[in-house]
Structures are given as C-alpha cells and as structure tokens.
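In terms of the numbering used here, the numbers along the sequence shown are unbroken and rise by one, the last being 258. All residues carry an ideal CB built from backbone N, CA and C; glycine is no exception.
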Amino acid sequence: MSNNLPSKQIFTMGGGGFSMEPKNPLLDKYILGLVDKDKPRVCFVPTASGYSAQYIVDFYSAFAKLSCTPSHLSLFNLPTTDLKAFVLEQNSTQNSREHEAYLCDF
C-alpha cells in the first residue's frame, strides 16, 4: 500500500468518527488510509479529564471492524513504564479533547 504520503503527519479534526457517527466508519477508514500499512496499529488516547469506560469500548467496537490493530492509552492507568516506546510503536493515534497539556508533562 504505497500512497506517497509523508513519513510523519498530523491530521486534526473537530469531531466525527466513531464517537459521533458509530454507524458511519468513513472518517475512521480515511484516517487509517493515511498510514502506509496494511494493518496499522492505532491507539486511542482518551481525554486527560477521564472518559467513561464505555467510550473506550466504543473505540474498540468501531476499530475491531476495520483492518487495524486497536489499543488504547489510559493516562490514569499507564500500560507501561516506557511510555515513549509504547507510543512510537503505534502507526496512528486517535486523541480526544484537552489531553495535549497533560501529555506535555511526559
């Protein structure tokens, strides 16, 4: 799957995707298509203020149907002590609201 995309890029959006249109995967598929991998690793990072477990379940429900390997990074229950390595293993991240300032502390 070679699409001549830059090796690193940032795609931002204001809403949409699995959280707003669970029956319409077009935006989620588009974002995965920006990654030059057949089955990219995509990580969901919920907001720093904490989201319900259901939001994370919704992410897995949506992305399990797509050609990718989904995971999530809870900022309150880190899956590893090597956060940098964990993040760099991902091909794409799905970030939700106001988490950026919190992540700057890492």
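Over the uninterrupted alpha helix (DSSP H) stretch that includes residue i, give me the two end residues.
i    : result
V209 : 205–215
Where does residue i sit, in a helix, a strand or coil, going by DSSP?
i    : result
S137 : The displayed coordinates of the chain run from 153 to 258. Any statement about residue 137 would go beyond what the structure contains.
F238 : helix
V187 : coil
Y254 : Note that Y254 scores 45 on pLDDT, short of 50, meaning its location in the model is unreliable and no value can be drawn from it.
L144 : Absent from the structure is residue 144, since the part of the chain shown begins at 153 and ends at 258.
State the beta-bridge partners of residue i as determined by DSSP.
i    : result
S223 : C195
T245 : C195
By Cβ distance below 8 Å, which residues in the same chain neighbour residue i in space, the five residues on each side in sequence not counted?
i    : result
T221 : K191, P192, R193, V194
L179 : M165, G168, G169, E173
Leaving aside the five residues before and after residue i along the sequence, list all residues of the same chain whose C-beta is less than 6 Å from its C-beta, in chain order.
i    : result
F238 : T232
Y212 : P222
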